[in-house]
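*Asks:* Next up is a structure, given as structure tokens.
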Amino acid sequence: MIKLDINGTIHELEVEEDTPLLWVLRDTVKLTGTKYGCGISACGACTVHVDGEAVRSCGYLAVDAVGAKITTIEGMTADKLHPVQQAWIDEQVPQCGYCQSGLIMAVSAFLRENPSPSDNDIAENITNICRCGTYPRIHKAIRRAIELQRQGG
């Protein structure tokens, strides 16, 4: 039995020691906004925050998250859109949308650490894969999110 703090709620869960956090979130807790993409921590569709850091949950064991605060796309904000979410809407980023929750989680953690990144910083740090190829819109949305955060949005 483990206890996980997911989106501010403590969940007491019976899981195997080798269960990835992704499957606990999706199958046990039923938070399906976090997506399965590759299973090898390469694509980023499963990105969540653990103590504010972006982690790829398909390769992160649930037992390693005991004592940490886990945030999924469902728990990102309580009463309004996060600036990154608003920027994604403003710039019409999604095409199929499958990878977008992971991208939003990766970008929001990145911008918290680096609120004024260069284009090179973005390219080096946001390595999530979008199979639809919406990278120009993603980049534009990141720039928009930076602007919204500066405005206090």
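First residue of the sequence shown: -8, per the working numbering; consecutive thereafter.
Backbone N, C-alpha and C fix where the C-beta goes; we use that ideal spot for every residue, glycine too.
As the structure is a prediction and not an experimental result, all values here were calculated from the model.
Once you ignore the five residues that flank V84 on each side, which residues in its own chain have a CB closer than 7 angstroms to its CB?
*Replies:* Q91, T125, R128, I129 and A132
*Asks:* Put H73 into one of helix, strand or coil per three-state DSSP.
*Replies:* coil
*Asks:* Who are the near neighbours of G30 in its chain, counting only those whose CB is closer than 6 angstroms to its CB and skipping five residues on each side?
*Replies:* C49
*Asks:* Pull up the distance between the alpha-carbon of G66 and that of T19, whole angstroms please.
*Replies:* 16 angstroms
*Asks:* Can you tell which of S109, A78, P11 and L16 has the C-alpha that lies nearest to the C-alpha of V54?
*Replies:* P11
*Asks:* With a floor of 3 residues, list each beta strand (DSSP E) that falls wholly inside the region 4 to 44, ordered by position along the chain.
*Replies:* 38 to 41
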